[in-house]
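In my numbering, the protein residues as written are 371 to 690.
Note sheet for the following structure.
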């Protein structure tokens, strides 16, 4: 931890890029204060205090910390195809509770067992699927357990070797994302395959990926964030190529501008800011700006006293 004195940020500063990086700094400072044992409130910014915003750095997310500590890191010496499938399994369901019961899948997988665990947990009202994102049935008229296992996970299991070969050959987040997106449940806007590729970025599968500083999959929130940065209409559509050019420009600005580096981001480890950080933070910053400008509100209020995230796990986060 570097410095916990309270710093106010002028969110009415006229340069959107500066406001964006100030959001990253202030949200990360909340995380740092929390880890240090400081009692809430961790900010005087009423928007950050009252509404739920995820960490700028995904590796500091509670579920991701658990995944690294208990899922991928202990199995880092397994085959690439095994790691790929287990990352898909974990993110398709998305909860620590399910993963603790199911366990890592080795050289053999029993789909019926996976379905049974899902069905029994749902029947007993036990937490099963994540609430962070929605896994739709994509028009398939079948129970959720059958959809995710038979239609979304089985094809990955059957083709995990070829997916692993693509990752090995190209050492590219983008190329691996494209390959995963071919499969039902992982394509569309590419959200789910992006989640998995981001996990693989922290495993031997893609830890040496050549494009972690040049590529990210921009979702709708990130597109709105870019439109705010460039003072465009919020609903303007952008293709992925344009998004990546603009996100790369933003990343370069954050790393090379002396004011941003030394003043705005003084509490943020520069080496951890990559394209994923930019893409994700654009989405969260768009939510912040919506509230600030009276354009809407996030769906979740934040109540510090009711948090489920234990400090001991937070201290294991990858970014201090």
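We put the CB at the ideal spot given by N, CA and C, even for glycine.
Since we're looking at a predicted model, the values are computed, not measured.
Fill in: Residues near residue 666 in its chain [Cβ-Cβ closer than 6 angstroms; skip 5 each side]
660
Worksheet item: What is the DSSP secondary structure of residue 421, reduced to helix, strand or coil?
Response: strand
Worksheet item: Taking just the CA atoms, how far does residue 502 sit from residue 489?
Response: 20 angstroms
Worksheet item: Among 611, 399, 425, 417, which one has its Cα closest to the Cα of residue 584?
Response: 611
Worksheet item: Where do the ends of the alpha helix (DSSP H) carrying residue 646 lie?
Response: 645-662
Practice prompt. Determine the DSSP secondary structure at residue 473, reduced to helix, strand or coil.
Written response: coil
Worksheet item: Would you say the stretch 411-422 touches the stretch 531-541, given that touching needs at least three Cβ pairs under 8 angstroms?
Response: no
Discussion item. Just to confirm my understanding: we take residue 471, look at its own chain, exclude 5 residues before and 5 after, and list those with CB closer than 8 angstroms. What are they?
Written reply: 487, 491
Worksheet item: Under 7 angstroms between the Cβ atoms of residue 530 and residue 482?
Response: No, the Cβ-Cβ distance between residue 530 and residue 482 is not below 7 angstroms.
Item to complete: Report the option in 525, 499, 528, 561 whose CA atom is closest to the CA atom of residue 515.
Response: With distances taken between Cα atoms, residue 515 lies closest to 499.
Worksheet item: Using a Cβ-Cβ cut-off of 7 angstroms (strictly less than) and excluding sequence neighbours within five positions of residue 655, which residues of its own chain qualify?
Response: 390, 393, 595
Item to complete: Could you check if residue 629 is buried or exposed, using at least 16 other CB atoms within 10 Å of its CB as the buried criterion?
Response: exposed
Fill in: Continuous alpha helix (DSSP H) stretch holding residue 399: start and end
386-406
Practice prompt. Pull up the distance between the alpha-carbon of residue 625 and that of residue 510, whole angstroms please.
Written response: 46 angstroms
Worksheet item: According to DSSP, which residues form a beta bridge with residue 446?
Response: Residue 446 is not bridged to any residue.
Worksheet item: Taking the continuous alpha helix (DSSP H) assigned at residue 412, which residues delimit it?
Response: Element bounds for residue 412: n/a, residue is neither H nor E.
Discussion item. If you follow the alpha helix (DSSP H) that residue 626 is in, where does it begin and where does it stop?
Written reply: 610-626
Worksheet item: Are the Cβ atoms of residue 633 and residue 398 separated by less than 7 angstroms?
Response: no
Item to complete: Identify which residue in 402, 657, 662 has its Cα closest to the Cα of residue 669.
Response: 657
Practice prompt. Can you tell me which of the three DSSP states residue 671 falls into?
Written response: strand
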